[in-house]
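Asker:
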DNA sequence: AATAATAGTAAACGAACGTTCACTTGGCAA
DNA sequence: TTGCCAAGTGAACGTTCGTTTACTATTATT
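Protein chains in written order, with the numbering used here: chain A, 1 to 189; chain B, 1 to 189.
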């Protein structure tokens, strides 16, 4: 087994148990029978930049684990690998989510928001318990039906405007339950 | 200081150092002067579901740290909180990214892909070193200029088609450098 | 075949871990 | 004021940690 496979097992452990394994646990993961073997294996992994050790000497995941590099804009293009290393990094979850307790993901089925760049099949990240501002995209229950629309206020009246000229704005008749505000759109190809 | 503030400090430590702090380190974070105080504090946090301990008795982040719940579709609506607890969860990074080493984020400036649901200001997650398939969205350098377009092959010739009728398809004259394939679109409101 | 270098096992080390016990302090109720 | 409970300190405990040392087995080189 190669060093990459071992580090993959370690990172699998991290994902599964939400912490890095101890040397004894890496023994079980890899099949080695001595801690010394792990000690040297880990040193090789550090040299290969597969994992890291912090100032206290504890094993931690690589800086790139869970972080993606930001390279600028499309128009500026993609620089050479040398400059990529210095690039700023972000964690997508942290970038998108303020409060995990109140955040949820919904899948989009209809085409009522295509003109706002939300296509059928997209995932929307919504947040509950927030008051919608004018122009926000909201997930709402209107007269026993769920939709995603622009939230508009005009003359004190609430209007739900679709992002598609095919459909007409909705004026809630009986009930209006703004369940969540759309915070982000995620589309995977 | 309340228990939530303490747990916030602990999760800040986790984000910063990529591991959970030891009890001694929590002492420094919180200002307590004895490990016993931490021991009881941690037990309270576990009762309050702010952190967890695994089977080996080690402190690990809560299950929801880094995970978002999936609630179904927009049309099906948002269920009551009781059902939310049982919801499936995903980690957005893991969902979107296959290989961190070859993945990058670019910001979109132009409007050449609006009809494909990619608006100016959106972030695109791109992957380097992959061969584009017909219909993929790619970031390419054509005749010394960078653009994002649909990658189309017709009769053995490569065509770069914009997702906006305002613009015309590009037939590369001298150079064509497909730098990356767009894997995902991320839009934050 | 002899040698050196590499990679593994096994055992022992001090240090740090989380836990427990005994004691002290501070605030509230009787 | 007295007594009680909750909350914090401090020290000691056994366990596990990562590291080191010593030795053995395997592989490659001369």
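Where a beta carbon is used, it is the ideal one built from N, C-alpha and C, also for glycine.
Values in this document were obtained by computation on a predicted structure and should not be read as measured data.
For residue 75 of chain A, would you say it is in contact with chain B, using Cβ-to-Cβ distances shorter than 7 Å as the test?
Answerer: Yes, contact with chain B.
Asker: Expressed to the nearest angstrom, what Euclidean distance is found between the alpha-carbon atoms of residue 111 of chain A and residue 140 of chain B?
Answerer: The alpha-carbon atoms of residue 111 of chain A and residue 140 of chain B are separated by roughly 30 Å.
Asker: Check the Cβ of residue 142 of chain B against every Cβ in chain A and list those closer than 8 Å, keeping chain order.
Answerer: Simply none; closest approach about 11 Å.
Asker: Count the other CB atoms within 10 Å of the CB of residue 190 of chain B; is the residue buried (16 or more) or exposed (fewer)?
Answerer: Here chain B comprises residues numbered 1 to 189, so residue 190 of chain B is not present and cannot be evaluated.
Asker: Does residue 61 of chain A get closer than 7 Å to chain B when you measure Cβ to Cβ?
Answerer: Closer than 7 Å to some Cβ of chain B, the Cβ of residue 61 of chain A qualifies, so yes.
Asker: Say whether the stretch 122-142 of chain A touches the stretch 76-83 of chain A, bearing in mind that this needs 3 or more beta-carbon pairs closer than 8 Å, one atom from each stretch.
Answerer: Contact between the stretch 122-142 of chain A and the stretch 76-83 of chain A is absent, because fewer than three Cβ pairs lie under 8 Å.
Asker: Along the alpha helix (DSSP H) that carries residue 45 of chain B, what are the first and last residues, could you check?
Answerer: Unbroken alpha helix (DSSP H) run through residue 45 of chain B: 35-47.
Asker: What residues from chain B crowd round residue 1 of chain A, counting only those whose CB sits closer than 7 Å?
Answerer: Residues of chain B passing the Cβ test: none, with the nearest at roughly 20 Å.
Asker: Need the endpoints of the alpha helix (DSSP H) that residue 188 of chain B sits in, please.
Answerer: Counting along the chain, residue 188 of chain B falls outside any alpha helix (DSSP H), though it belongs to the beta strand (DSSP E) covering 176-188.
Asker: Does the Cβ-Cβ distance between residue 130 of chain A and residue 181 of chain A come in under 7 Å?
Answerer: Against a cut-off of 7 Å, the Cβ pair of residue 181 of chain A and residue 130 of chain A comes out as a contact.
Asker: Regarding residue 18 of chain B and the ligand FMN, is the C-beta to nearest heavy atom distance less than 6 Å?
Answerer: This structure lacks the ligand FMN; in fact it carries no ligand of any kind.
Asker: Contact criterion: CB-CB distance below 7 Å. Does residue 148 of chain A meet it with respect to chain B?
Answerer: Yes, residue 148 of chain A counts as interfacial toward chain B.
Asker: Going by DSSP in three states, residue 127 of chain A sits in which element: helix, strand or coil?
Answerer: It is a strand residue.
Asker: Which residues does DSSP list as the beta-bridge partners of residue 61 of chain B?
Answerer: Residue 61 of chain B is bridged to B:51.
Asker: Start and end of the beta strand (DSSP E) containing residue 69 of chain A?
Answerer: Segment 68-73, the beta strand (DSSP E) holding residue 69 of chain A.
Asker: If you follow the beta strand (DSSP E) that residue 137 of chain B is part of, which residue opens it and which one closes it?
Answerer: Counting along the chain, the beta strand (DSSP E) containing residue 137 of chain B begins and ends at 137-142.
Asker: Using 8 Å as the threshold, is the stretch 58-68 of chain A in touch with the stretch 91-110 of chain B, meaning 3 or more CB pairs across them?
Answerer: Touching, per the Cβ criterion.
Asker: What is the DSSP secondary structure of residue 11 of chain B, reduced to helix, strand or coil?
Answerer: Note: residue 11 of chain B maps to helix in three-state DSSP.
Asker: Along the stretch 94-111 of chain A, what residues have a CB closer than 9 Å to any CB found in chain B?
Answerer: Cβ contacts with chain B: 94, 95, 96, 97, 100, 101, 103, 104, 105, 106, 107, 108, 109, 110.
Asker: Between residue 15 of chain A and the rest of its own chain, which residues show a CB-CB distance below 6 Å, the 5 nearest in sequence each way excluded?
Answerer: Excluding residues within five positions, none has a Cβ falling inside 6 Å.
Asker: In the stretch 9-37 of chain B, which residues sit with their C-beta less than 9 Å from some C-beta in chain A, listed in chain order?
Answerer: Here the close residues are 15, 17, 18, 19, 20, 22, 25.
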